[in-house]
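First the structure, in the form of structure tokens, and then the observations on it.
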Amino acid sequence: MIALGQQIENKFLVAVNKKSSNNILDCYQCGKCVSTCPVSSFMDFSPREIMQMIKLGLKEETYMANSMWFCLTCAACSGRCPREIDIPRVMESIRHLAIAENINPDDPRVKNIRKFHEIFLDMIKRYGRNYELRMMAEFNIRTRNLFKDIHLAPKALLKGKIPIGNEKVKSAKAIKRMFEIAEKLEKTQ
Amino acid sequence: MTKLTYFPGCSAHGTSEEFDSTLKLVMKSLDVEMEELPDWNCCGATSAHVMTENLALALPLRNLVLAEKLSNKTMGIACASCYSRMKSTKVEMDNHPELAKRINSTIIEEGEYQGSVDVKSMLQFFYEDFGTEAIAEKVTYPLQGLKIACYYGCLLTRPKAITQFDSPEYPMSMDNIVESLGATATPFDFKTECCGASFSISDTEIVLSLSGTILEMAKESGAHLIAVACPLCQSNLDMRQPDIEKKNGTKYDMPVMYITQLMALAFGYPVQDLKPSKHIVPIEQALSHIGEEIETPEVKKKPKKAVQAESEVE
């Protein structure tokens, strides 16, 4: 039982504030971010709702939302936020925290988005640069949607819009080592 | 002769080859020597910063440190996403010494970050280091009659604290450049709305929706074509345009050209040099408006000066 006047420590709020270098308590729920956000209609909870959920310490609910996975980091919201909260940074922080705790939303679209990013990073780890054609092909294979965008292929390939070959970084070892050290840092932080 | 370190980014050697090749033509006309950053790596956009904090800074950092080994004081970046990642990393490294130390530990061979190289987008470089008058001087084939909607996307001017360039709400740098080429910039309210970026592959529906509205508004502004300075914006608006038309049950016929293609054309290079075959929506029809008399616009033109962000007005 919580006694009246007793302070409850909102650990989630403290963690997000620290990670994002913001003070989410500044948010007064005006909703300007929602009307500005180009993808808020795709989100389970709008940026404004996410801010309130963090304030209320609803950690599980926040992690299970698809919102931070749809954030484009376009920074339209933060440019207009009257409380100057860096909302994309907050979205990024809760995404990183959720990844660290290995909590994934059930939304199948989020699963696809996550797969895309994993494949992309894998390309960089392997080649040091992105290999667009291979990335698209791997995405189709790993999401079991082999014929996605196949109607674009004849035009895009014939016109040389998407090159068939790829480039690699000479210092491939340095990139690989960077990935390894960064991964270690991620765990120890 | 000005010297500039050039960071092309992965797409300049892939889906946006025509950006790369016309950029080189424009720089030749402006008497700028571009030195491509040796052995550059992918900046990590968009995936690195979505997934991890350390890698998101480490990947751009290696490029920043490599750039410091060259003697040029500025690195010009073709891709808007690369620019955003590189500039964000620079700002983080310059302002947070502890974080800087941690991130620097991920790159061993390349050495310590000094912070001695400035990072600019190509649009910013044209606008700040040359300006519209110097650009106008190079024009031998004025693009008079051509109406252009200038589309900046999100990252070239946002967030203001990172880019320190133009207005995050209603930028005018590209508009002023196309006018210095003799063309007319149309009043276009969606110039900084997001196109959907990397969702192009992972959640195409979002791109069809967001890019669709941008095409719609560009058409409404009376433009013959859209000018861009970002490879991802170009490919979303151009390559996805047939799908968007199908979804919306309408025809836009809106070519999407890089600002450097338009500059190269105005500087006297033949259309063939713009690599028109790379475009999914053909550019020839739009370019045929060059030379047409422009009717005096009835609508009052937007002010030349960029609209300042609210926070700066006070």
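Going down the list, the protein sequences come from chains A and B. With the numbering used here as the guide, the letters of the first sequence map in order to residues 1 to 189. With the numbering used here as the guide, the letters of the second sequence map in order to residues 1001 to 1314. All C-beta atoms, glycine included, are put in the ideal place defined by N, C-alpha and C. As the structure is a computational prediction, the values presented were derived from the model and not from experiment.
Asked                                                                                                                          : Found
Where B/Gln1234 falls, given that 16 or more other Cβ within 10 Å makes a residue buried                                       : buried
Chain B residues whose Cβ lies nearer than 7 Å to that of A/Asn112                                                             : Ser1202 and Asp1203
Below-9 Å beta-carbon distance, A/Val169 vs any chain B residue                                                                : yes
Buried versus exposed, by CB contacts within 10 Å (16 or more), A/Tyr204                                                       : There is simply no residue 204 of chain A to check, as chain A begins at 1 and stops at 189 in what is shown.
Any C-beta of chain A under 9 Å from that of B/Met1051                                                                         : yes
Beta strand (DSSP E) runs wholly inside the segment 1214-1287 of chain B, at least 3 long, in chain order                      : 1225-1228 and 1256-1258
Buried versus exposed call for B/Asn1236 [16 or more other C-beta atoms within 10 Å across all chains shown]                   : buried
Interface flag, A/Ile85 vs chain B, CB-CB below 9 Å                                                                            : no
Beta carbon of B/Ala1218 nearer than 9 Å to that of B/Ala1149                                                                  : yes
Same chain, Cβ closer than 8 Å to A/Gln6, neighbours up to 5 away in sequence not counted                                      : none
Contacts of A/Asn130 in chain B (Cβ-Cβ under 7 Å)                                                                              : Cys1010 and Cys1042
Where the segment 1092-1117 of chain B meets chain A: residues whose CB sits under 8 Å from a CB there                         : Arg1102, Ser1105, Thr1106, Ile1107, Ile1108, Glu1109 and Glu1110
From B/Pro1255, B/Met1001, B/Leu1262 and B/Glu1112, residue whose alpha carbon lies closest to that of B/Pro1282               : B/Pro1255
Identity of the residues DSSP links to A/Tyr63 by a beta bridge                                                                : Partner(s): none; A/Tyr63 has no beta bridge.
Residues of its chain near B/Phe1188, where Cβ-Cβ distance is below 8 Å and the 5 sequence neighbours each way are ignored     : Ala1149, Cys1150, Tyr1151, Met1217, Ala1218, Ser1221 and Ala1223
Against chain A: residues of the segment 1169-1198 of chain B by CB proximity under 8 Å                                        : Glu1169, Thr1192, Glu1193, Cys1194, Gly1196, Ala1197 and Ser1198
CA-to-CA distance, B/Val1207 to B/Lys1247, given in whole angstroms                                                            : 12 Å
Residues that A/Thr186 contacts on chain B, provided the C-beta gap is smaller than 9 Å                                        : Checking the displayed sequence, the identity of residue 186 of chain A turns out to be Glu instead of Thr. Chain B residues near A/Glu186: Thr1052, Glu1053, Asn1054 and Leu1055.
Stretch-stretch touch, CB-based, cutoff 8 Å, three pairs: the segment 168-183 of chain A with the segment 1266-1278 of chain B : no
A/Cys74 at chain B interface by Cβ criterion, 9 Å                                                                              : yes
Any alpha helix (DSSP H) of 4 or more consecutive residues that is wholly inside the segment 111-161 of chain A                : 132-142 and 153-158
N-terminal and C-terminal residue of the alpha helix (DSSP H) that B/Asp1094 is part of                                        : Ala1080 to Asn1095
Proximal residues of chain A, C-beta to C-beta of B/Ser1277 below 8 Å                                                          : Lys159 and Gly160
A/Glu118 and B/Ser1047 closer than 9 Å at C-beta                                                                               : yes
Coarse secondary structure for B/Thr1184, derived from DSSP in three states                                                    : strand
For A/Lys184, the first and last residue of its enclosing beta strand (DSSP E)                                                 : Per DSSP, A/Lys184 belongs to no beta strand (DSSP E); it is in the alpha helix (DSSP H), Ala172 to Thr188.
Identity of the residue in B/Val1032, B/Cys1042, B/Thr1005 and B/Ser1011 nearest B/Lys1073 by Cα                               : B/Thr1005
Test: B/Cys1233 CB closer than 9 Å to a CB of chain E                                                                          : No chain E appears in this structure, whose protein chains are A and B.
Pick from B/Glu1133, B/Tyr1127 and B/Ile1294 that is closest to B/Pro1171, judged by C-alpha positions                         : B/Tyr1127
Residues near A/Ser93 in its chain [Cβ-Cβ closer than 7 Å; skip 5 each side]                                                   : Val16, Lys19 and Ser20
Below-9 Å beta-carbon distance, B/Cys1154 vs any chain A residue                                                               : yes
Per DSSP, cross-strand counterpart(s) of B/Ser1121                                                                             : B/Ile1077
Chain-ordered residues of the segment 85-100 of chain A with a beta carbon less than 9 Å from chain B                          : Asp86, Pro88, Glu92, Ser93, Arg95, His96 and Ile99
Test: A/Ser40 CB closer than 9 Å to a CB of chain B                                                                            : no
Separation of B/Leu1061 from B/Pro1085, as counted between CA atoms                                                            : In the sequence under discussion, the amino acid at residue 1085 of chain B is Arg, which differs from the Pro named in the question. The straight-line gap from Cα to Cα measures roughly 9 Å.
Neighbour flag for A/Pro163 against chain B, beta carbons, 9 Å                                                                 : yes
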